[in-house]
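Undergrad:
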Amino acid sequence: MGMLRDVPLPTEPIDRFAPIVGQEQVDRVLAAGARVRAAAPDRIIWNVNSTEVGGGVAEMLRPLISYARGAGADARWVVMGGSPEFFHITKRLHNALHGAAGDGSALGAPERAIFDEISKANACELLTRVRPGDAVLLHDPQTLGLAHPLRAHGAHVIWRCHVGTDERNDQTALGWAFLRDYLTDIRVCVFSRPSYVPREIGEERVAIVHPSIDPFSTKNQELSPDTVRGILAHVGLIGAAPGPTSFTRADGSPARVDRCADVVGLGPPPSAEVPLIVQVSRWDDLKDPIGVMQGFAKLVEGDAPPAHLLLAGPNVHGVADDPDAARVFDEVTCAFRALPHYVRRAVSLASIPTADVDENAAIINALQRHASIVVQKSLREGFGLTVTEAMWKRRPVVASAIGGIVDQIDDGVHGLLLPDPTDLDAFASALRRILADPKLAAALGEAAYTRARDKFLALRSLLEYAALVERVTRG
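Throughout, our numbering is defined as the position within the sequence shown, counted from one, plus 677.
#1: Buried or exposed for D704, going by 16 or more other Cβ atoms inside 10 Å?
#2: Excluding five sequence neighbours on each side, which residues of the same chain lie with their C-beta closer than 7 Å to the C-beta of S743?
#3: Which first and last residues belong to the alpha helix (DSSP H) in which N799 is found?
#4: So what does DSSP say about I915, is it helix, strand or coil?
#5: Does the count of Cβ pairs from the segment 1071-1078 and the segment 1048-1057 closer than 8 Å reach three?
#6: What's the call for I697, buried or exposed, on a 16-neighbour Cβ count within 10 Å?
#7: So, using beta-carbon positions, are E1123 and R1071 closer together than 8 Å?
#8: Within a Cβ cutoff of 6 Å, which residues of the same chain sit near A949, ignoring the five residues on either side of it in sequence?
#9: What would DSSP say about N772, mapped onto helix, strand or coil?
#10: C1011 by DSSP, collapsed to three states: which one?
#11: Could you tell me the boundaries of the beta strand (DSSP E) in which T925 lies?
#12: Figure out for me which residue from G942, N897, C937 and V941 has the closest Cα to the Cα of F924.
#13: Give the secondary structure of R864 by DSSP, where H, G and I count as helix, E and B as strand, and everything else as coil.
#14: So, is N772 buried or exposed, given that buried needs 16 or more other C-beta atoms within 10 angstroms?
#15: Taking a contact to mean a Cβ-Cβ separation below 8 Å, would you say H825 touches L804 in this structure?
#16: So, R959 versus P991, is the Cβ gap smaller than 8 Å?
#17: So V1005 and D1033 are in contact, right, with Cβ under 8 Å, and what is the actual spacing, rounded?
#18: Between the C-alpha atoms of R720 and F868, what's the straight-line distance to the nearest angstrom?
#19: With H, G and I counted as helix, E and B as strand and the rest as coil, what does DSSP make of I742?
#20: In terms of residue numbering, what span does the beta strand (DSSP E) encompassing S1025 cover?
#21: Find the nearest neighbour of Y1019 within the set L976, N1037 and A884, judged by alpha-carbon distance.
#22: Please name the residue, chosen from G1059, R926, R1130 and I1086, that lies closest to C838 on a Cα-to-Cα basis.
#23: Along the beta strand (DSSP E) that carries Q1053, what are the first and last residues, could you check?
#24: Assign K1116 to buried or exposed, taking buried as 16 or more other Cβ atoms, counted over all protein chains shown, within 10 Å of its Cβ.
#25: With burial defined as no fewer than 16 other Cβ atoms inside 10 Å of the residue's Cβ, what is the status of N846: buried or exposed?
#26: Which word fits T1010, buried or exposed, when buried means at least 16 other C-beta atoms lie within 10 angstroms of its C-beta?
#27: Between the alpha carbons of P931 and P1030, how many angstroms are there, rounded?
#28: Rounded to the nearest angstrom, what separates A1144 and P983 at their Cα positions?
#29: Whose C-alpha, out of H775, R753 and A1118, is nearest the C-alpha of R870?
#30: Between the alpha carbons of S760 and L909, how many angstroms are there, rounded?
#31: Taking just the CA atoms, how far does L953 sit from V725?
#32: Applying the 10 Å Cβ sphere with the 16-neighbour rule, what's the burial state of R857?
#33: What do you reckon, are the CB atoms on E877 and L851 nearer than 8 Å?
#34: In three-state terms, what does DSSP make of S948?
#35: Tell me which same chain residues have a C-beta within less than 6 Å of the C-beta of V886, skipping the five on either side of it?
#36: Roughly how many angstroms separate the alpha carbons of F893 and A1135, rounded to a whole number?
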């Protein structure tokens, strides 16, 4: 078997955005696509990352590449392969670039040898398909070892780093030191925030692009209230009468939710009428799921209205490039069992099935639409896609004032921000404030929707990436 996997994608028309953002913006994207195509009609724009399911990068690539095709570009997506040792190293790098030690394992010569070996195996296969003059967007540290071979082959390389932290420490220094040699001949490196750019990369090689969402994707498409309840009741996340579980797949075909979630909880699921506080994320220490539970416990101990907390993440066996997921989920489960009985009755842990990407997205869509509050209490966050998803669905958000989240939300306008994500009393107070004030919840949700529409939709990203392709392929 080869190292690379092709991800089949449809071609999506971008004129569907016109009713949301106006025809003028659609025409600008079409013009940019025409320029890219005219400059080199046979050029392929490749995207390479390390997983097609689970995590924000995969979710962004799927619609962006489909819309790039709709704008006239020959855009494709391949997923690189790797050994468990390789993905352990890249997870360690992921944590380091966030300023965290993770499991504290080494990033030395033996790890570099493994990284290089897997990179070489992927590059050998990729170079049989990429032609000189093609453009290749490499996503995140897992792919960075492909840069030198691609450049030597005559490809135009852009590296997109989706992670980072505003503060430098010994861990960020360790991570960037490991990656430094792979960055030398990349023309453009793309980050989500200026503060994420390391000193190793000169300003002239940097571009800033905010992540975005697709409002028409399975995860963000409109669902009727009956369908929302029907899906969540079927998968076992709320107690409600059976209802429709149908949705529309990314390719436009009809489908329904058939699988159920694996749920850890005490007693039956909460009634559909109980306000649901939801955090959707990978099972990752940096998302602080244990801190979310402990902060919610403080809410339950007070005089807040009744509510139920649901921590939802992918099935731990469904994300190939995250070897820490099973450990973190086990630790979260242990922390759940250590909570007082009356708190555990108001908390659920849900592993959402990932065997069917569209089904997984439909479940998350229903969950976010049903939520009374969406939480993202991360300790580190490059950019909170789940925050933008909730904003698009008019949900009030409580999130940490860290990383890209502060670019998404103005505190008190589009949601409530926590200056210190470890302050559990402040977290409980923010939840209590929204639960007790329906007018505030509605106002935050409406302002959040407008912000997401104006700043964080896929059409904007298409324009920015088209400009980058023109930049690296010019002259």
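We put the CB at the ideal spot given by N, CA and C, even for glycine.
TA: In short, the structure shows the following:
#1: Answer is exposed; the Cβ neighbour count stays below 16.
#2: L686, P687, T688 and E689
#3: A786 to L803
#4: Three-state result, I915: coil.
#5: yes
#6: exposed
#7: yes
#8: R906, I915 and A917
#9: helix
#10: helix
#11: Bounds of the beta strand (DSSP E) holding T925 are S923 to T925.
#12: N897
#13: Correct three-state label for R864: coil.
#14: buried
#15: no
#16: yes
#17: Contact flag wrong, Cβ pair sits at about 24 Å.
#18: 24 Å
#19: Look at I742 here: in three-state DSSP terms it is helix.
#20: V1024 to I1029
#21: L976
#22: Ranking G1059, R926, R1130 and I1086 by Cα distance to C838 puts G1059 first.
#23: I1050 to Q1053
#24: exposed
#25: exposed
#26: exposed
#27: 19 Å
#28: Rounded to whole angstroms, A1144 and P983 show a C-alpha spacing of 50 Å.
#29: H775
#30: 36 Å
#31: 37 Å
#32: exposed
#33: no
#34: In the three-state reduction of the DSSP assignment, S948 falls in the strand class.
#35: Within the same chain, V886 has close Cβ partners V867 and E1141.
#36: Distance between the alpha carbons of F893 and A1135 is about 10 Å.
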